[in-house]
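Chains as they are written, first to last, in the numbering used here: chain S, 1 to 342; chain D, 1001 to 1342.
No residue lacks a Cβ here, since even glycine has one placed at the ideal position from N, Cα and C.
Protein chains: 2
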Amino acid sequence: MKPVTLREIANKLNISVTTVSKALKDYPDVSPKTKALVKELASTLNYKPNAFAVNLRTRESKTIGLIIPVIVHHFFSNVIKGIIAQAEKKGYLVIILQSNESYELEKKQIELLMNQRVDGIIMSLANDTVDFKHLVDVINNDKPLVMFDKIAKIVNCSKVIIDDRKAAYDATKHLIDIGCKRIAHFRGSLLPQNSIDRFLGYRKALTDHGISYDPSLVYICECDEKSFEEGKKNALLLMKEHKDVDGIFINTDLVAIGAISEFNEAGVKIPEDIAIVGFSNWFMSSIISPSLTTIDQPGLKMGKAAFKQLYKEIQSMKKNEPIYYQQIVLKTKLIERESTRV
Amino acid sequence: MKPVTLREIANKLNISVTTVSKALKDYPDVSPKTKALVKELASTLNYKPNAFAVNLRTRESKTIGLIIPVIVHHFFSNVIKGIIAQAEKKGYLVIILQSNESYELEKKQIELLMNQRVDGIIMSLANDTVDFKHLVDVINNDKPLVMFDKIAKIVNCSKVIIDDRKAAYDATKHLIDIGCKRIAHFRGSLLPQNSIDRFLGYRKALTDHGISYDPSLVYICECDEKSFEEGKKNALLLMKEHKDVDGIFINTDLVAIGAISEFNEAGVKIPEDIAIVGFSNWFMSSIISPSLTTIDQPGLKMGKAAFKQLYKEIQSMKKNEPIYYQQIVLKTKLIERESTRV
DNA sequence: AATTTTACCGAAAACGTTTTCGAAATGATC
DNA sequence: GATCATTTCGAAAACGTTTTCGGTAAAATT
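See the structure below:
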């Protein structure tokens, strides 16, 4: 029941372990005859190389790490799917960890992965990560690192993102185009880059179109497990504080859906009284009532692109070639639905 | 930049590798003085044991494999979260693979994980898996295996499930209780055990309450990526073929949501004309209109339970103790919402 | 003072593979 | 028949750790 080793094959054929190893990997200096013999016996014995030994010897694990803030999340689970699919094609396995939006956990997990000697790491930052030493360490240890979605601009590595600022601009401009004059914004937490960029896109769209920016119209949502509740809460607040608002651009779909739910209960008509644009294009957004206009964020593509880039860097590293960090920006598009249909 | 090894520490302190190793693991036969010395140097050099070498030597990887039909899925992503969380507590990492509901892929992935020498495997079956040799192989190779949700009754291993039959019975009985007389069922594919069990629960609830079972009221949904469309399609079909139906028990929420969407468009009132009960309690079900009565399926708990059981078996295996396969059945409950509120 | 016990350390084997390098055997060339 | 090139193989080192088994020296016991 013990797994079969090279040595056993060698003994049965009365040849050396070296020759068996070479035969299996088609080295030129072993005769066709012995190659055939070895391969046949190996397959009948169902020989599988011991990954630990191979890893130890070759110093690569054919395994990558993935750190993600939350797993139960339409966008992120799509990214996971993309990464796994692409990795499988290249014979890589993926170890997944969830940072729970916590910097401390994220740091520990990076260490875990480094100790495990993964060949590279893909990650999206936790919301409260402000210090990036743990990331710089990864790169200094010659371990390829690719960040996606929630990135740290300051860290020198490859990144796969969308143009959040432009997407937010488009979303806000769409509200302006359909006639909104007083546009609020439900933004994400203060730290994450994409939350900042979406806010900046919103503000620029306003000022570019002659609408003065009013800070009191910006509400902050600590997006996490209870985004939905945050949406409801802020919608309620908005109805009290700014009855004149006729459009909202919301940082993420789940919050938007919470807001819609609150407005529905309050009898506020969407889009007649308030038009709403979300962000991410969760499946849910297409089936609620009214369906939600939103920005499509290509999770699957991002995952695939992230792995492809990581793979490139792993290869370059092996060949001691210089590696070129890429900033890959994927296209987004506005999906028009009932929540802005005039 | 090369990672520091035991040998380097040993050289710097002029002691043997053996002593260093023992010192770090608090063996009793090394003096407190040298222990302190070694530990201090190890921490200043930031020594991290080479996982490959440890694995090779100890024959365990502190890694488990997880094969799951689909990742972008409310229930399954919750299971993943549960497994990862629990595994992290015990110092285990999780390699995740997606079978895409394909038996062929599933088989390959099992092999991959076995070659990688994971310490155990947790999995939920692909829809079209009928042959279980690949699973028996796992067990025969003394590798702990825990199945959850979509299991093979015939395979002798631990299982974490819900009582699908009872849950379906409850769901159907609820429809009867609110006065439905003609109750249809949208079932899942023919093979999966839980799809069969839910059907059986449905049928038993009918006959137990004096309603004769009518096979023409059972529609099959090939649940996969396009469950939503399947729901719409079958709802349309049902409206044509059986105008007298006043209740439906549907195999899974996403299909139910598709059906609701179709009924809404057709002007069929829910629950007045047709009452609907789904299955799984996706978050989405609570926010659509009308909100969906459903069976809560505890994904997070299942994940945690599955890992706990696997961990037990791994420990027993290490100590050469006998392992006892468990069948863990988690509680479900009916969540009443608008789709059955009379 | 002889013996036993205790405390501490290290040599060496083992895990299973990969790869370098040299050796032996065969064939080709002059 | 001597030399050289080619083909085929294997010994050995290496990857970094863990663990068994002795061994030495000091302390404790007679």
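Cβ of His242(S) less than 8 Å from any chain D Cβ?
With respect to chain D, the C-beta atom of His242(S) has no partner C-beta closer than 8 Å.
For the stretch 114-134 of chain S, which residues have a CB atom closer than 8 Å to at least one CB atom of chain D, in sequence order?
Listed by position, the residues of the stretch 114-134 of chain S near chain D (Cβ gap below 8 Å) are Met114, Asn115, Gln116, Arg117.
Rounded C-alpha distance that separates Ile335(S) from Val277(S)
Spanning the two alpha carbons is a distance of roughly 9 Å.
Which residues in chain S sit within 9 Å of Val1072(D), going by Cβ to Cβ distance?
Neighbours of Val1072(D) across chain S, judged by C-beta separation under 9 Å: His74, Ser77, Asn78, Ile80, Lys81, Phe283, Gly299, Leu300.
Which listed residue (Ala42(S), Phe283(S), Ser285(S)) has its alpha carbon closest to that of Ser21(S):
Residue Ala42(S) holds the alpha-carbon nearest to the alpha-carbon of Ser21(S) among Ala42(S), Phe283(S), Ser285(S).
Listed in chain order, which residues of the stretch 159-170 of chain S have Cβ atoms closer than 9 Å to some Cβ of chain D?
Residues: none.
Specify the secondary structure class of Phe344(S) as computed by DSSP and reduced to three states.
The requested residue 344(S) does not occur in the structure, where chain S is confined to residues 1 to 342.
Identity of the residues DSSP links to Tyr325(S) by a beta bridge
Residue pairing by DSSP places Tyr325(S) opposite no residue, since no beta bridge is assigned to it.
Local conformation of His977(D) per DSSP, three classes:
The structure shown does not extend to residue 977(D), since chain D is modelled only from 1001 through 1342, so no value can be given for it.
Measure the CB-CB distance between Ile84(S) and Gly65(S) and report whether it falls below 8 Å.
The beta carbons of Ile84(S) and Gly65(S) sit no closer together than 8 Å.
Let's see if you can read the secondary structure: which residues bound the beta strand (DSSP E) around Leu66(S)?
First-last of the beta strand (DSSP E) with Leu66(S): 63-68.
Three-way DSSP call (helix, strand, coil) for Gln386(S) in this model:
Coverage of chain S is limited to positions 1 through 342, which leaves residue 386(S) absent and any answer about it impossible.
Paired residues, beta bridge with Lys1159(D) - DSSP:
Under DSSP, Lys1159(D) takes part in a beta bridge, and its partners are Met1147(D), Gln1327(D).
Shorter than 8 Å from the beta carbon of Gln98(S) to some beta carbon of chain D?
Taking a beta-carbon distance threshold of 8 Å, Gln98(S) counts as an interface residue toward chain D.
Among residues of its own chain, excluding the 5 on either side of Ile154(S), which ones have a beta-carbon nearer than 7 Å to its beta-carbon?
Closer than 7 Å at Cβ, skipping near neighbours: Phe132.
Just reading off the alpha helix (DSSP H) that Phe350(S) is part of, what are its end residues?
Outside the displayed range of chain S (1 to 342) lies residue 350(S), so it cannot be described from this structure.
Under a CB-based cut-off of 8 Å, is Ser289(S) close to chain D?
With respect to chain D, the C-beta atom of Ser289(S) has a partner C-beta closer than 8 Å.
Chain-ordered neighbours of Ile84(S) on chain D, where CB pairs are closer than 9 Å:
Per Cβ cutoff of 9 Å: Ile1071, Ile1096, Leu1097, Gln1098.
Between the stretch 1174-1207 of chain D and chain S, which residues of the former have CB atoms less than 7 Å from a CB of the latter, in chain order?
Residues of the stretch 1174-1207 of chain D whose Cβ lies closer than 7 Å to any Cβ of chain S: none.
Beta-carbon proximity check, Leu213(S) vs Asn234(S), cutoff 8 Å:
Correcting the residue identity first, residue 213(S) is Tyr in this sequence and not Leu. Between Tyr213(S) and Asn234(S), the CB-CB gap reaches or exceeds 8 Å.
Using alpha carbons as the reference points, say which of Val4(S), Gly179(S), Pro290(S) lies closest to Gly267(S).
With distances taken between Cα atoms, Gly267(S) lies closest to Pro290(S).
Along the chain, which unbroken stretches of the beta strand (DSSP E) at least 3 residues long are found entirely within the stretch 1271-1338 of chain D?
If we require 3 residues or more, the beta strand (DSSP E) runs fully inside the stretch 1271-1338 of chain D come out as 1275-1277, 1294-1296, 1327-1330, 1333-1335.
With a threshold of 7 Å, establish whether the CB of Thr1252(D) neighbours any heavy atom of the ligand ATP.
No copy of the ligand ATP occurs in the structure displayed, which carries no ligand at all.
Who are the neighbours of Ala1053(D) on chain S, taking C-beta pairs under 7 Å?
Neighbours of Ala1053(D) on chain S, chain order: Leu56.
Run through chain S and tell me which residues come within less than 9 Å of Ile1151(D), C-beta to C-beta.
The premise fails here: Ile1151(D) is roughly 22 Å from chain S at the closest Cβ pair, so nothing lies under 9 Å.
Residues bridged to Arg187(S) (per DSSP):
DSSP, once it has assigned bridges, lists Ile220(S) as partnering Arg187(S).
Using only alpha-carbon positions, find the residue among Arg117(S), Phe76(S), Ser31(S), Gly201(S) that is nearest to Leu93(S).
For Leu93(S), the nearest C-alpha among the options comes from Arg117(S).
List the residues of chain S whose Cβ lies closer than 8 Å to the Cβ of Ser1261(D), in chain order.
Going along chain S in sequence order, the residues near Ser1261(D) (Cβ under 8 Å) are Ile287.
Any beta carbon of chain D sitting closer than 8 Å to that of Asn11(S)?
By this cut-off, Asn11(S) is not an interface position.
Nearest-angstrom Cα separation, counted from Thr18(S) out to Pro32(S):
Straight-line Cα distance between these residues: approximately 15 Å.
Chain S residues whose Cβ lies nearer than 7 Å to that of Ile1257(D)
Near Ile1257(D) (Cβ distances below 7 Å), the residues of chain S are Ile287.
Give me the Cα-Cα distance between Leu112(S) and Lys81(S), rounded to the nearest whole angstrom.
Taken atom to atom, the span from the alpha-carbon of Leu112(S) to that of Lys81(S) is near 22 Å.
Note the first and the last residue of the continuous alpha helix (DSSP H) segment covering Gly1201(D).
According to the DSSP assignment, Gly1201(D) belongs to the alpha helix (DSSP H) that extends over 1193-1208.
CB contact check: Asn1050(D) to chain S, cutoff 8 Å:
Chain S, which has a Cβ nearer than 8 Å to the Cβ of Asn1050(D), makes this yes.
At which residues does the beta strand (DSSP E) containing Ile121(S) begin and terminate?
First-last of the beta strand (DSSP E) with Ile121(S): 120-123.
Would the stretch 1157-1167 of chain D count as touching the stretch 1175-1184 of chain D if we require 3 or more Cβ pairs under 8 Å?
Not touching, per the Cβ criterion.
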